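K.L.:
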Amino acid sequence: MQTAADAGDAATLLAAVPAGRRVALVDPRFVGHVHALRLGLTDPRFPAATVPGALTAQPEARGALLRALHRTTAAVGAGAPVVEPDADPAPEDRTVPGRIAVALEAEGTAVQRPALGSLVAAVPTDPEQQAAAEAGLASVDDEAVRLRNAVKAHDGFFTTYCISPYSRYIARWCARRNLTPNQVTTASLITALIAAGSAATGTRGGYVAAGILLLVSFVLDCTDGQLARYSLQYSTMGAWLDATFDRAKEYAYYAGLAIGAVRGGGGDDVWALALGAMVLQACRHVVDFSFNEANHDAVANTSPTAALSDKLDNVGWTVWVRRMIVLPIGERWAMIAVLTALTTPRIVFYALLVGCSLAACYTTAGRLLRSLTRRASRTDRAAQALADLADSGPLARAVAKVAPGLPGAFTAPAVALLGTLVMIGGALFLPYGSPLTVAAAAVYVLLSGLAVARPLKGALDWLVPPFFRAAEYVTILVLAARSDVPHAVPAAFGLVSAVAYHHYDTVYRIRGGTGAPPQWLVRTIGGHEGRTALVAVLAAVLTHTSGFTTALTALAVAVALVVLVESIRFWVSSSAPAVHDEGELA
């Protein structure tokens with residue numbers, strides 16, 4: 279910490295700091311809470327941030343900071359405003375850091391201004407303001423605010439009332455012992471894997487232990503995010519771990535239940551139900567992701583349905599009912615844990631399939647109504663995000679390149695739905711192993727290419743990626759289940775898990791603003807249509823032979839290796855976004 283005599287001296291001192299370090303400017307008259315400064319000066323997600331009287335810049339914004347400092351000094355010396363008064367984003371902050379922040383924004387550098395709420399951050403200029411700031415400082419417990427803000431603003435009922443009241447204190451305990459969110463995330467994963475192992479024993483004691491451990495894992499899952507928000511420890515690795523471990527835990531637990539059902543006294547084979555539950559949940563998520571990406575930056579984005587939803591959000595009891603109906607992860611894991619301890623794996627999966635189906639119908643119906651009643655113009659960015667989420671491989675892209683785009687506002691989702699029905703219908707109703715199933719896959723490839731031949735800017739074009747996910751996942755499930763080959767469904771479970779990881783990875787990269795995985799990766803693993811066609815060919819060639827299981831296993835391993843290696847390389851690189859993903863309602 280160094281003291282500058284004036285702005286020119288501050289520029290000299292800043293220039294002497296090594297280029298790779300974060301720097302901060304704080305007015306010596308600053309009065310405020312420590313957590314207000316923490317929010318303004320230590321969040322790693324933003325190149326620059328400010329609160330009244332303080333400004334910080336990360337290495338990438340250091341050059342812009344020095345230029346803004348010199349320009350501000352010159353403007354103030356000449357008696358001129360830093361920017362035009364009408365364009366000033368913070369006219370109330372007349373401090374040197376505040377004026378430099380305005381100059382930074384005028385140059386094009388984004389400056390984060392965190393919401394402080396009841397926290398005090400001020401630079402008093404007279405005794406009256408000094409007294410008011412000190413009174414505000416004394417009246418607010420910033421540690422209580424810090425704890426409260428560690429919890430998500432919008433969360434599920436179970437998490438809000440059964441987990442967060444004490445998990446926030448676990449997060450503080452972890453922070454005071456220098457534990458990181460990544461360590462807590464890893465502990466949550468390990469606990470869930472032990473829970474899956476307990477379920478795999480197939481004994482009542484194992485099921486009870488599994489249910490308890492699953493709840494403990496969920497507590498830790500909530501704690502890692504709260505710790506990240508409490509201590510502002512956002513990181514690239516944390517984003518990747520948090521984005522993927524929830525799915526790994528849930529899928530591992532499903533597999534544990536399926537193994538336990540087979541090993542239990544009745545030898546119940548529920549692998550198809552386990553895979554069905556995984557497919558349904560993954561399709562639910564892609565509906566949410568696709569809809570949000572299509573609409574978050576749409577122009578004239580208004581809808582009577584959305585307005586009604588906003589009104590309902592102002593009525594307390596409807597908020598909780600609506601959040602519980604969608605069966606978020608907290609309610610879902612609590613249901614799984616209780617049913618595991620008290621019933622059988624088959625009942626657990628029946629409950630999951632019914633509950634998630636009802637939730638999917640509710641959320642998808644709402645999104646359809648919003649889309650049909652919304653007057654919005656979608657951006658090129660939204661169309662590109664939907665194209666990336668579609669995961670079209672070389673076959674579909676080749677068709678899209680030579681085929682003319684079909685006219686019509688609803689053509690793309692209609693063609694995608696037709697292709698999905700043809701593919702799933704062929705897998706379900708044609709004789710198993712029939713060449714006609716391969717023909718159905720060829721039609722699916724053709725229709726997949728036609729669906730993405732034009733930019734996905736229609737009102738319902740966000741349905742295209744969910745249709746493709748359903749076609750691929752359900753086809754793999756149906757063909758494996760119909761094969762009557764030992765261990766084919768567990769192999770299919772592994773294949774869908776690997777492909778789903780790739781699709782979730784795509785979502786979180788887009789959310790972080792870095793774009794989808796590289797095209798060479800999509801080409802290497804074939805795209806959704808290529809993998810679907812390949813599984814159809816394998817089912818026809820290796821009909822009712824153990825080679826089908828071997829082929830599915832090999833395909834699962836190959837896809838997993840390619841996507842995991844590239845994903846790990848990306849998320850530990852400097853290009854990955856430094857965010858802590860909020861994910862679905864916890």
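Numbering (my numbering), first residue to last: 279 to 864.
Ideal Cβ positions, reconstructed from N, Cα and C, are used throughout, including at glycine.
None of the values given here were measured: they were computed from a predicted structure.
Excluding five sequence neighbours on each side, which residues of the same chain lie with their C-beta closer than 8 Å to the C-beta of L646?
P.N.:
L738
K.L.:
Would you check if the region 804-819 and the region 667-675 touch, i.e. whether three or more CB-CB distances between them fall below 8 Å?
P.N.:
yes
K.L.:
Give the range of the alpha helix (DSSP H) segment to which T290 is assigned.
P.N.:
285-294
K.L.:
In this structure, how does DSSP classify A358 when only helix, strand and coil are distinguished?
P.N.:
For A358, the predicted model reports a pLDDT of 49, less than 50, meaning its position is unreliable and no value from the coordinates is stated.
K.L.:
Can you tell me where the alpha helix (DSSP H) with L303 in it begins and where it stops?
P.N.:
Unbroken run through L303 is the beta strand (DSSP E), 301-304; no alpha helix (DSSP H).
K.L.:
Compute the Euclidean distance between the alpha carbons of G414 and L397, then round it to the nearest angstrom.
P.N.:
8 Å
K.L.:
Using beta carbons (cut-off 9 Å, strictly below), is V841 in contact with chain D?
P.N.:
In the structure shown, chain D cannot be found, because there is only a single protein chain.
K.L.:
As a quick exercise: from M556, L667, R732, pick the residue whose alpha carbon is nearest that of G683.
P.N.:
R732
K.L.:
Would you identify the three-state DSSP class for E334, choosing helix, strand or coil?
P.N.:
According to the sequence as given, residue 334 is Thr; it is not Glu. DSSP places T334 in strand when its eight states are reduced to three.
K.L.:
Give the range of the beta strand (DSSP E) segment to which A326 is assigned.
P.N.:
326-329
K.L.:
Going by the DSSP bridge assignment, what does G310 pair with across the sheet?
P.N.:
A399
K.L.:
When you compare only the Cα positions, how much space is there between S476 and G484?
P.N.:
One C-alpha to the other measures close to 5 Å.
K.L.:
Three-state secondary structure (DSSP) at R653?
P.N.:
In the structure shown, R653 sits in a strand (DSSP, three-state: E or B).
K.L.:
In chain order, what residues of the same chain lie with their CB nearer than 6 Å to the CB of L714, ignoring the 5 residues before and after it?
P.N.:
L708
K.L.:
Skipping 5 residues on each side, what residues in its chain have a beta carbon closer than 8 Å to that of A530?
P.N.:
A470, L471, A474
K.L.:
Could you give the first and the last residue of the continuous alpha helix (DSSP H) run that contains M279?
P.N.:
That residue, M279, is in no alpha helix (DSSP H); it is neither H nor E in DSSP.
K.L.:
For A834, tell me which candidate among A560, W849, L812, A818 has the shortest Cα-Cα distance.
P.N.:
L812
K.L.:
Contact check, L695 vs F746 under 8 Å by CB: the rounded distance?
P.N.:
10 Å between Cβ atoms; not a contact.
K.L.:
List the DSSP bridge partners of Q390.
P.N.:
For Q390, which the question treats as bridged, DSSP gives the partners A327.
K.L.:
Can you tell me the Cα-Cα spacing of V389 and G376, whole angstroms?
P.N.:
Those two C-alpha atoms are separated by around 11 Å.
K.L.:
Are D420 and V312 close, meaning C-beta to C-beta below 9 Å?
P.N.:
V312 sits close to D420, with the two beta carbons spaced by under 9 Å.
K.L.:
Check whether the Cβ atoms of T228 and D783 lie closer than 9 Å to each other.
P.N.:
The displayed coordinates of the chain run from 279 to 864. Any statement about residue 228 would go beyond what the structure contains.
K.L.:
Alpha helix (DSSP H) containing Q662: first to last residue?
P.N.:
658-668
K.L.:
Quick one: using the 10 Å Cβ neighbour count with 16 as the cut-off for buried, is S851 buried or exposed?
P.N.:
exposed
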